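Scroll down for the structure; my scribbles are underneath it.
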Amino acid sequence: MKTVKLMASSLRQFGPVRRPVVVLVLMMLVLASAVLISLGIGGAPIASGDVLAHLAHRIGISGIGIDAFDARVLDTLRLPRILRAIVIGGGLGLAGAVMQSLFRNPIADPGIIGVSASAALGAVAMIVAGHIILGSFYTVIGPYGVPVAAFGGAVIATAVIRVLSRQDGQTDAAIMLLIGVAINAMAFAGVGVFTYMADDAQLRSLTFWQMGALAGNGPTDMPAMIIMTLGIVYLLTLGTPLNLFLLGEAEARHLGVEVEHLKRRATVATALVVGAAVAVSGIIGFVGLVAPHLVRLVTGPDNRYVLPASAICGAIMLTGADAVARIIVLPAELPIGLVTGIVGGPFFLGLLMREKKRRRL
Amino acid sequence: MSLMAKDVSFVARGRHLLRDISLALAPGEVLAILGPNGAGKSTLLRVLAGEYQPAKGCVMQNGQDISSLSALNLAQRRAVMPQAASMTFPFGVRDVVALGRAPFRKISTRQLDQKLVAGAIAVADINHLADRPYPALSGGEKQRVHLARALVQIWGMGGFDVTSDAVHDPQCGSDRFLLLDEPTAGLDVSHQHALLAVARREAHDNNVGVLMILHDFNQVTAYADRVAVLQSGEIVAQGEVADVMQPDLLSAVFKSPIRAIDDPKGGHVLVSQAV
């Protein structure tokens, strides 16, 4: 009897943690199955069993490989692509969750404060005007030019937003958000100007930056992928400080958060993640906004769980959207940004309507 | 050791909001701050909390200039109950209270945290609200949640009947301070008294230095040990409650006739007269 009571009390003690942890584990499983399914489908269907066998072979568990053609499709096309989907989706979902807490505003996301648009502006400027500005140097930097420009665009935009919103050594989150909105509008106008100047060949690559694609640029993506991974790891540690931030900046300070440090580091890290994501895949909207909201419905608002769950949720969303993008208009593929918009938009609206009804009760 | 302002002036946009304020809050005492609207009471509290940097003078906490201490270091010895704190996301009441444990997250244990949170929820009389979402509460209920949050912070690693299983933190020996910004605003009369009694008990039983901004003269005389009266950014009177709370002084500061009337139950009450 005593042991039962003891067990019950120790269970209760872990009670509050268990649910979100279970949710995180379940989400990992969903992500794993989404990856498995997504690896199997496309122009050349591969059975899930074969995919598993190939993965097992690659990490050295099983000695038997699969059909050489299927193996090549997986190794050269689908695996790198899925990896991009996971890292970019995770980065965008996490960046959205961080920004919503940082600005204490549920509609904040990397798209809204102009970081994505500025990254696209950098990329577009490089595509259209790079050979004019850089001359022969353009061919030297070759395939790195466009991702670096995208990345630079995101970092410059963040720096400008931070400098403009500073006053007496402090930054006001509401002003910062509005300045971001203005930067966003200017960046999109800039993209429009370059689109107007572009020739036919350039227009095709511009479309890529504006609608998003996971096709990638081969090995030149590696630096961006590493930056994203490091940024994700750092942002995941901010759960508790961001919870305190939700109480208000003064209260967060009273509770021991170095508020200005946190704001600086968090905005710079999100800019790095988002800039790197746009450098690899162009603008993919909606993931940063929707993933954290979806997650909060299940885990509640505690950032210690919302942050990792948003990353996993973003990864699931992009993996799924990529699978759709690859099969829906075979043999071509739809830009993934369109899929996230077409599927994500109505889905998010439905969620909002449901919430609205629930809150009125 | 104490929380001390030395010749503090604070200037915002060219206006002196505080001028040469010197004030000491000792552990174990309740210090009330009294003054008309716009006298600089909240500004003074923010300067003492380290939120605002004084233009002149300095604030010392336990003998150290607070501008040289980290936010975390300060938070482990000083809690602030704000006038109003917003929270857009639907945290539960218990979670909001538990945020007060954040300064101790590296040194505390889950058991201690849970015990202190439960204790503070009981003291603030919000047991029946503990599982409700915070944004759904009324203004007065939110105030009580923030009281509980400030309590779990000020209890630190000891305080509320903690048994020997608590991790001993060498810092918890030094003095702690609780700053309350108009804590009774929005509370009904019984909860006002309950809150003030909690604040007084923290001071007298737990040796916390409690500073609170109040508007009700009789609450000052009933609950505070000392009082500082602020007018236009300057301290016009400071001292024992019985010495400072005189009708003439208060009438002059508040520009409204205030009289002391004998209370049949002993002592006297201060009343303001209708215009």
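Chains Z and C, in that order, are what the protein sequence lines are.
Quick note on my numbering: the first sequence kicks off at 1 and runs consecutively.
Quick note on my numbering: the second sequence kicks off at 1001 and runs consecutively.
Don't be surprised by glycine CBs; every beta carbon is placed ideally from N, CA and C.
Here the structure is a predicted model, which is why all the values come from computation and not from measurement.
Straight-line gap, residue i to residue j (C-alpha atoms, nearest Å)
i, j, result
"Q1064/C", "A1005/C", "11 Å"
"G42/Z", "S33/Z", "16 Å"
"L334/Z", "F208/Z", "10 Å"
"M1001/C", "G1209/C", "10 Å"
"C1172/C", "K1142/C", "Residue placement at C1172/C cannot be trusted, given a pLDDT of 46 that sits under 50; what the coordinates show is reported in the next sentence. If you take the alpha carbons of C1172/C and K1142/C, they lie about 28 Å apart."
"E1182/C", "K1041/C", "9 Å"
"T1088/C", "R19/Z", "22 Å"
"A189/Z", "L121/Z", "9 Å"
"L1069/C", "A1026/C", "19 Å"
"S1086/C", "F245/Z", "11 Å"
"I88/Z", "G1092/C", "32 Å"
"A1237/C", "D1020/C", "13 Å"
"V21/Z", "V329/Z", "38 Å"
"G1266/C", "Y1134/C", "42 Å"
"I161/Z", "A311/Z", "25 Å"
"H1268/C", "A1274/C", "19 Å"
Same chain, Cβ closer than 8 Å to residue i, five either side skipped, listed in chain order
i, result
"G320/Z", "A34 and S38"
"L203/Z", "T195"
"L83/Z", "M225"
"V181/Z", "I112, I113 and G114"
"V1198/C", "V1123, A1124, L1147 and L1151"
"R1046/C", "Y1052"
"A1039/C", "L1230, Q1231, S1232 and G1233"
"D302/Z", "P20, G239 and N243"
Residue-level contact to chain C via CB, residue i, 8 Å cutoff
i, result
"V257/Z", "yes"
"N217/Z", "no"
"D302/Z", "yes"
"T299/Z", "no"
"L247/Z", "yes"
"R253/Z", "yes"
"A250/Z", "yes"
"N184/Z", "no"
"T76/Z", "no"
"T237/Z", "no"
"R19/Z", "no"
Nonlocal neighbours in the same chain, by C-beta distance under 6 Å from residue i, ignoring five residues either side
i, result
"L1250/C", "I1258"
"V73/Z", "A44"
"G1100/C", "R1149, V1152 and Q1153"
"Y234/Z", "A269"
"F1254/C", "P1036"
"V1117/C", "V1097, A1098 and V1152"
Collapsed DSSP secondary structure at residue i in the structure displayed
i, result
"M1081/C", "strand"
"L203/Z", "helix"
"V1229/C", "strand"
"Q1238/C", "strand"
"I59/Z", "coil"
"H1146/C", "helix"
"A1055/C", "coil"
"H54/Z", "helix"
"H1016/C", "strand"
"H1268/C", "strand"
"G40/Z", "helix"
"R1101/C", "helix"
"P1183/C", "coil"
Close beta carbons around residue i, own chain, < 7 Å, minus the five adjacent residues each side
i, result
"G1239/C", "R1226"
"L1305/C", "Outside the shown range of chain C (1001 to 1275) lies residue 1305/C, about which nothing can therefore be said."
"A309/Z", "V23, L24, M27, V295 and T299"
"S1022/C", "A1005, K1006 and D1007"
"V1220/C", "A1032, L1034, L1214, V1227, V1241 and M1245"
Cβ of residue i within 8 Å of any chain Z Cβ
i, result
"L1072/C", "yes"
"V1167/C", "Any answer about V1167/C is weak, because its pLDDT of 40 lies below 50 and its placement is not dependable; what the coordinates show is given next. Not one chain Z Cβ lies under 8 Å of V1167/C."
"M1087/C", "yes"
"R1200/C", "no"
"V951/C", "Coverage of chain C is limited to positions 1001 through 1275, which leaves residue 951/C absent and any answer about it impossible."
"L1099/C", "yes"
"A1024/C", "no"
"D1095/C", "yes"
"L1270/C", "no"
"V1189/C", "no"
Check your understanding: Does the stretch 324-331 of chain Z come within contact of the stretch 278-288 of chain Z, defined as at least 3 CB pairs closer than 8 Å?
Key -> Between the stretch 324-331 of chain Z and the stretch 278-288 of chain Z there are fewer than three inter-stretch CB-CB distances shorter than 8 Å, so the stretches are not counted as touching.
**Study point:** Inter-stretch contact at 8 Å, needing at least 3 Cβ pairs: the stretch 338-352 of chain Z / the stretch 289-305 of chain Z
**Key:** Yes: the two stretches touch, three or more of their Cβ pairs being nearer than 8 Å.
Check your understanding: Is the number of C-beta pairs between the stretch 1047-1063 of chain C and the stretch 1258-1271 of chain C that are closer than 8 Å three or more?
Key -> The stretch 1047-1063 of chain C and the stretch 1258-1271 of chain C do not touch, with fewer than 3 CB-CB distances between them shorter than 8 Å.
Review point. Between the stretch 72-89 of chain Z and the stretch 241-254 of chain Z, do three or more beta carbon pairs fall short of 8 Å?
Key: Two segments are said to touch when three or more pairs of C-beta atoms, one from each, lie closer than 8 Å; by this definition the stretch 72-89 of chain Z does not touch the stretch 241-254 of chain Z.
Review point. Is there contact between the stretch 1174-1191 of chain C and the stretch 1107-1119 of chain C, where contact requires at least three CB pairs shorter than 8 Å?
Key: Contact fails: fewer than three Cβ-Cβ distances are below 8 Å.
Check your understanding: How about the stretch 269-286 of chain Z and the stretch 116-132 of chain Z: do they share at least three Cβ pairs that are nearer than 8 Å?
Key -> A contact exists between the stretch 269-286 of chain Z and the stretch 116-132 of chain Z.
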